[in-house]
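What follows is a set of notes on a single structure, which appears directly below.
Residue numbers (the working numbering), protein chains in the order written: chain A, 16 to 141; chain B, 8 to 219.
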């Protein structure tokens, strides 16, 4: 198995940097992006196995970014973060190839479980 | 708007309601983002505390218990904003298919503070199967809320159960107050406001009953 690298994408800087720090404490290798364009550049350069992606962002929204990530490397597993109580965005995302979705605010333990499941799926698809 | 045999005037101010709902829904997303940052920041503090030994950090236990209280309140805030978000989306469609279970669950939470001011606890008793009604969501919620408020105006202390049921294809919402007296029952159930609400709800397919 390759070493797990994760990309966190969210336009809320305080959220994404704090979450990254929490994952790093758990010995995870994390990059962050605060918009869709930067996220796609990092995806092309670093090819992370798992991307945690906010749906609602200014500019390129999460679902657009998801489609572009999948066209770069369909093996990359994307976990969507939605602020909505409803699962509409999540279902739309799953149809576009997302691995799973979580409702914000998230539980760190649940996120880690999803990340590990996504990583396993990535490795299985190699 | 024609609704069965009765003419029901709904949403004369649909545009205003839609605007109000849109802004409220958007604001709840912002509040959720704030709560998410507070949650992750307090979680990070917990992580850092977990990395240090008790001897190294004199007040570790007090910090952990305080962070626990912050986490509890974050969860409370998330619940409130989720309910408010759901409510703010009510005017999205003038008429929609609504599961009464979702509506009562949400409305009982939103009305909980009004009940608490009268030292009353609201409990929603839902059904396992969906109870679908096709109606104007704002009107439906407003009438059920007003019915609860009429009851609250006449009582203090105790518990009000909002019990959903379906009998012979009729959807029912039973209000059951554990300390109800005969005079309270009479005051509420014969009041003009209550009877009007009862009639409007029946036109929307929901029979509301104050249980004795």
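Each residue gets a CB set at the ideal place from its N, CA and C atoms; glycine is no exception.
For the region 33-62 of chain A, list every residue whose C-beta sits within 7 Å of some C-beta in chain B, in sequence order. Residues 33, 34, 36, 37, 40.
Beta-carbon of residue 66 of chain B versus every beta-carbon of chain A: anything under 8 Å? Residue numbering aside, residue 66 of chain B sits at position 59 when the second chain is read from its first letter. Residue 66 of chain B has a beta carbon lying at 8 Å or more from every beta carbon in chain A.
Hey, is residue 105 of chain A's beta-carbon within less than 8 Å of any beta-carbon in chain B? On the first chain, position 90 is the one that residue 105 of chain A refers to. For residue 105 of chain A, the answer is no, since every Cβ of chain B falls outside 8 Å of its Cβ.
Where the region 109-132 of chain A meets chain B: residues whose CB sits under 7 Å from a CB there: Only 119, 120, 123 from the region 109-132 of chain A bring a Cβ to less than 7 Å from some Cβ of chain B.
For the region 105-125 of chain A against the region 78-89 of chain A, are there 3 or more C-beta pairs whose distance is under 8 Å? Proximity of the region 105-125 of chain A to the region 78-89 of chain A meets the contact definition, three or more beta-carbon pairs being nearer than 8 Å.
Closest Cβ-Cβ distance between residue 39 of chain B and chain A: below 8 Å? Taking the second chain and counting its residues from 1, the one referred to as residue 39 of chain B is at position 32. It does: the Cβ of residue 39 of chain B has a partner Cβ on chain A nearer than 8 Å.
For residue 154 of chain B versus residue 216 of chain B, is the C-beta spacing smaller than 8 Å? Taking the first residue of the second chain as position 1, residue 154 of chain B is located at position 147. Taking the first residue of the second chain as position 1, residue 216 of chain B is located at position 209. For residue 154 of chain B and residue 216 of chain B, no; Cβs fall outside 8 Å.
From what residue to what residue does the beta strand (DSSP E) around residue 56 of chain A run? Position 41 of the first chain, counted from the start, is the residue given in the question as residue 56 of chain A. Looking at the DSSP string, residue 56 of chain A is not in any beta strand (DSSP E); the run it does join, the alpha helix (DSSP H), is 51-61.
From the beta carbon of residue 47 of chain B, is the nearest beta carbon of chain A less than 8 Å away? Residue 47 of chain B sits at position 40 when you count from the first residue of the second chain. Yes, because at least one Cβ of chain A sits closer than 8 Å to the Cβ of residue 47 of chain B.
Taking the beta strand (DSSP E) that residue 46 of chain A belongs to, which residues open and close that run? One-based indexing of the first chain puts residue 46 of chain A at position 31. From DSSP, the beta strand (DSSP E) with residue 46 of chain A extends over 44-48.
One or two residues paired with residue 183 of chain B in a DSSP bridge: As a first step, residue 183 of chain B must be located in the second chain, where it is residue number 176. In the DSSP assignment, the residues bridged to residue 183 of chain B are B:168.
Quick one: using the 10 Å Cβ neighbour count with 16 as the cut-off for buried, is residue 120 of chain B buried or exposed? Looking up residue 120 of chain B in the second chain gives position 113. Answer is exposed; the Cβ neighbour count stays below 16.
Per-residue contacts from residue 85 of chain B into chain A (C-beta, under 8 Å): As a first step, residue 85 of chain B must be located in the second chain, where it is residue number 78. Contact annotation for residue 85 of chain B against chain A: 120 [CB-CB distance below 8 Å, chain order].
Nearest to residue 130 of chain A by alpha carbon, out of A:26, A:33, A:43, A:28? By 1-based counting over the first chain, the position of residue 130 of chain A is 115. Here the closest residue by C-alpha is A:43.
For residue 115 of chain A, which residues does DSSP report across the bridge? Position 100 of the first chain, counted from the start, is the residue given in the question as residue 115 of chain A. Bridge partners of residue 115 of chain A: A:94.
Beta carbon proximity, residue 98 of chain A to chain B, threshold 8 Å: Your numbering for residue 98 of chain A matches position 83 in the first chain. Taking 8 Å as the CB threshold, residue 98 of chain A lines the interface with chain B.
When we look at the beta-carbon of residue 140 of chain A and count the other beta-carbons within 10 Å, is it buried (16 or more) or exposed? Within the first chain, the letter at position 125 stands for residue 140 of chain A. Residue 140 of chain A should be labelled exposed.
Beta carbon proximity, residue 42 of chain B to chain A, threshold 8 Å: Here residue 42 of chain B refers to the residue found at position 35 when the second chain is read from its first residue. Output row for residue 42 of chain B: interface = yes.
Tell me which same chain residues have a C-beta within less than 8 Å of the C-beta of residue 163 of chain B, skipping the five on either side of it? By one-based count along the second chain, residue 163 of chain B stands at place 156. Here the set comprises 125, 126, 127.
Work out the CA separation of residue 65 of chain B and residue 122 of chain A for me, nearest whole Å. Here residue 122 of chain A corresponds to residue number 107 of the first chain, with the count starting at 1. Here residue 65 of chain B corresponds to residue number 58 of the second chain, with the count starting at 1. If you take the alpha carbons of residue 122 of chain A and residue 65 of chain B, they lie about 28 Å apart.
Spatial neighbours of residue 45 of chain A within its chain, please: CB distance less than 7 Å, with the 5 preceding and 5 following residues excluded, ordered by chain position. Residue mapping note: residue 45 of chain A aligns to position 30 of the first chain, counting from 1. Result list for residue 45 of chain A: 21, 23, 35, 38, 39, in chain order.
Taking the Cβ atom as the reference point for each residue, do residue 48 of chain B and residue 33 of chain A lie within a distance shorter than 8 Å? The residue labelled residue 48 of chain B in the question sits at position 41 within the second chain. The residue labelled residue 33 of chain A in the question sits at position 18 within the first chain. Yes, these two residues count as a Cβ contact at 8 Å.
Where DSSP assigns a beta bridge to residue 130 of chain A, which residues make up the other side? Taking the first residue of the first chain as 1, we reach residue 130 of chain A at position 115. Paired residues: none, contrary to the question.
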